[in-house]
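Enquirer: Mind looking over this structure? Questions follow.
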Ligand SMILES: [Zn+2]
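Residue numbers (the working numbering): 61 to 678.
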């Protein structure tokens, strides 16, 4: 009897479970939720973290039937885990999260094109990119788009990568047997080529595939340089929403398409500081918001609180365990201590991309020493993180210089060095990755002079056409000689033209230092043990000046013209003088007339006889 009761009881529980599941399912919203992130840059658990992202996704699944997870590029580079695993550990984490669709960022090329293709094979959802193609036949290297069926709707995602990737990676220097570049981003003719190509894809998806929504995943950013997501949108039609990336900014706004429709464009900053949430509603409308806090879940069986970036955050337990297991794999290597620092060397607010920065001085000194150069360079964009006071571990050094760039030595002319410095300051006062941090060099910059640097459509330096912003360049205290050859140690990335430094590519590598920038910095710190106080402050390597304007020569032919205000004063004074003179004259003449008239009146006491011969009017 007890046995039967037990079976009945289990059956009852099972049935009620099924009923409750069905009821829950019915109560779920039919709206389709798209959760999107961009530029995670290995920030696997810096802020919200992938474990916070998973928790939020699971919470959304309790309210919505259909949830899609999207990544808009730049995920495998930017931190120690990405670097030492060549991106593989990041792809493993993304697979564990369960992304449905992902596109490329410019930093997906950092470990080389072959490694990117390997990573793509390991990535469960694969990559989409509509404009990364072979130059010869213009065919895509990855699928251009992906269609996801959810809730009876067909949603198409198109991946688009900034064509400026050319100047920001080695791609421009990958040539075929004929010496032609191998890859292209549909930038052959003009910007219109890219817009036409994307419009063709949209039309095809709408007309042939009969999709309900077209969502662009643009690793481009808004309002920067030449290729932007909002500018692209203004040239095309048929887009439902844009999930943006590349510029590491948080925004959620609308912009006009070709037909003047308002379309959402959203970006979530970097390192998972926010999650984008686009909702395709049952009634056909679309809403968009940015999530910066993961709310405390009602049911806490699968979540826990962790302390990150000065606050408590809710994360998914399983995902948190998985991320910790990845950290454990590299624990020994990442915790090696090279030296110690008593103060912070901050690079916040893009400091190294717009002025001399103390960390840039330390790094370029390391590159100069281990590259055996008279001088050395690193691009400000190559310095990725601040150096925090305390023990300097391998993990921290890799976070600062994550690319393990080879140091090369080139013999460069003084003219080439001057052009490179001028190119570096061309975008000031705006920050730029190409701004050069230097060792063995001092120079002045006058940003009040309009930059006369000419660049091509993908940001490569062409020449300087007018007055220079850079002056007073000294190499180890001696004036720069434009014709002299100098031994310059620099990272291979800019040596091969990365970030637009085409002037360096005209000179062959004279020698290789056989050490990377990351290892040179580690070794330099290892020698110093304690970072000296001199690195705490700036050292006057890059000085901002405002040249005194030469007094303008006085025009020879034209007399000096008084200003409009002084003219007005002169005019008023003249009028007053004229009025006074007139009044005096009237007074004098009136006096005479009166005296004559009076005398006549006195004399005759008759009516005044005024005739033409009268002396009164003669
Ligand atoms: Zn990025």
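The beta-carbon is built from N, C-alpha and C at its ideal position, and this holds for glycine as well.
#1: Within 10 angstroms of the Cβ of residue 367, are there 16 or more other Cβ atoms? Answer buried if so, exposed if not.
#2: With hydrogens ignored, establish whether the beta-carbon of residue 559 is closer than 6 angstroms to any heavy atom of ligand 1.
#3: Is it true that the CB of residue 161 sits closer than 7 angstroms to the CB of residue 114?
#4: Bridge partners for residue 220 per DSSP, in chain order?
#5: Classify residue 110 as helix, strand or coil using the three-state DSSP reduction.
#6: Closest by CA to residue 228, which one among 442, 485, 573 and 527?
#7: Say the cut is 6 angstroms; is the CB of residue 99 nearer than that to a heavy atom of ligand 1?
#8: Evaluate residue 542 with the Cβ neighbour count: other Cβ atoms within 10 Å of its Cβ, from every protein chain shown; 16 or more gives buried, anything less gives exposed.
#9: Rounded to the nearest angstrom, what separates residue 145 and residue 581 at their Cα positions?
#10: What beta strand (DSSP E) runs, 3 residues minimum, are completely inside the region 463–547?
#11: Taking Cβ to Cβ, would you say residue 509 is nearer than 7 angstroms to residue 527?
#12: So, for residue 449: in the same chain, excluding its five sequence neighbours on each side, which residues have a beta-carbon less than 8 angstroms away from its beta-carbon?
#13: Three-state secondary structure (DSSP) at residue 171?
#14: Is the beta carbon of residue 170 within less than 6 angstroms of some heavy atom of ligand 1?
#15: Alpha carbon to alpha carbon, what distance is there between residue 499 and residue 428?
#16: Could you have a look at residue 20 and say whether DSSP puts it in helix, strand or coil?
#17: Drop a sphere of 10 angstroms on the beta-carbon of residue 423, count the other beta-carbons inside from all chains shown, and report buried for 16 or more, exposed for fewer.
#18: Start and end of the alpha helix (DSSP H) containing residue 363?
#19: May I have the straight-line CA-CA distance separating residue 452 from residue 591, to the nearest angstrom?
#20: With residue 255 as the anchor, note down where its alpha helix (DSSP H) starts and where it stops.
#21: Under 8 angstroms: do the region 456–468 and the region 366–381 share three or more Cβ pairs, one atom per stretch?
#22: For a test of the three-state rule: what should DSSP assign to residue 398, helix, strand or coil?
#23: Straight-line CA distance for residue 363 to residue 122?
#24: Where does residue 412 sit, in a helix, a strand or coil, going by DSSP?
#25: What are the residues that DSSP puts in a beta bridge with residue 373?
#26: Which whole-angstrom value is the C-beta distance of residue 218 and residue 274, which I expect to be below 8 angstroms?
#27: With a threshold of 6 angstroms (Cβ to nearest heavy atom), would residue 134 be considered close to ligand 1?
#28: Evaluate residue 470 with the Cβ neighbour count: other Cβ atoms within 10 Å of its Cβ, from every protein chain shown; 16 or more gives buried, anything less gives exposed.
#29: Give me the Cβ distance between residue 302 and residue 276, rounded to the nearest whole Å; I'm assuming they're in contact under 8 angstroms.
#30: Nearest-angstrom Cα distance between residue 321 and residue 550?
#31: Can you tell which of 517, 246, 447 and 313 has the C-alpha that lies nearest to the C-alpha of residue 398?
#32: Which residues share a DSSP beta bridge with residue 215?
#33: Between the region 473–488 and the region 556–570, do three or more beta carbon pairs fall short of 8 angstroms?
#34: Report yes if the C-beta distance between residue 433 and residue 548 is below 7 angstroms; otherwise report no.
#35: Considering Cα atoms alone, identify which of 598, 157 and 106 is closest to residue 128.
Expert: With the structure as the only source:
#1: Exposed is the call here.
#2: Placement of the Cβ of residue 559 at a distance of 6 angstroms or more from every heavy atom of ligand 1 is found.
#3: No, the pair does not count as a contact, with Cβ atoms beyond the cut-off.
#4: Its beta-bridge partners are 278.
#5: The three-state secondary structure of residue 110, taken from DSSP, is helix.
#6: The option with the nearest alpha carbon to residue 228 is 442.
#7: Yes, since a heavy atom of ligand 1 falls inside the 6 angstroms radius drawn around the Cβ of residue 99.
#8: By the neighbour-count rule (16 or more Cβ atoms within 10 Å), residue 542 is not buried but exposed.
#9: Answer to the nearest angstrom: the Cα atoms are 20 angstroms apart.
#10: For the beta strand (DSSP E) assignment, the uninterrupted runs of no fewer than 3 residues enclosed by the region 463–547 are, from N- to C-terminal side, 466–473, 496–499, 501–505, 513–515, 521–524 and 530–535.
#11: Taking 7 angstroms as the Cβ cut-off, residue 509 and residue 527 qualify as a contacting pair.
#12: Cβ neighbours of residue 449 beyond the five flanking positions: 401, 402, 403 and 404.
#13: The answer is coil: DSSP assigns residue 171 none of H, G, I, E or B.
#14: No, Cβ of residue 170 sits at least 6 angstroms from all heavy atoms of ligand 1.
#15: When rounded, the distance between both Cα atoms is 7 angstroms.
#16: No information on residue 20 is available, as it lies outside the stretch 61 to 678 that the chain covers here.
#17: Around the beta carbon of residue 423, 16 or more other beta carbons lie within 10 angstroms, which makes this residue buried.
#18: Membership of residue 363 in any alpha helix (DSSP H) is not indicated; the residue belongs instead to the beta strand (DSSP E) covering 363–368.
#19: Their backbone Cα atoms lie some 10 angstroms apart in a straight line.
#20: Its alpha helix (DSSP H) spans residues 251–267.
#21: Judged by Cβ distances under 8 angstroms, the region 456–468 makes no contact with the region 366–381, as fewer than three pairs qualify.
#22: Three-state DSSP puts residue 398 in a strand.
#23: Note on geometry: alpha-carbon atoms of residue 363 and residue 122 lie some 14 angstroms from one another.
#24: Helix.
#25: Looking at the DSSP assignment, residue 373 forms a beta bridge with 366.
#26: Sure, about 7 angstroms apart at Cβ, within 8 angstroms.
#27: Yes, the beta carbon of residue 134 sits closer than 6 angstroms to at least one heavy atom of ligand 1.
#28: By the 10 Å Cβ count, residue 470 comes out buried.
#29: For a cut-off of 8 angstroms, the C-beta gap from residue 302 to residue 276 is around 5 angstroms, short enough to register as a contact.
#30: Cα to Cα, the separation comes out at about 48 angstroms.
#31: Proximity to residue 398 across 517, 246, 447 and 313 peaks at 447, based on C-alpha coordinates.
#32: BP columns for residue 215 point to 208 and 273.
#33: With the cut-off at 8 angstroms, the region 473–488 and the region 556–570 touch.
#34: Against a cut-off of 7 angstroms, the Cβ pair of residue 548 and residue 433 comes out as a contact.
#35: Of the listed residues, the one whose Cα sits closest to residue 128 is 157.
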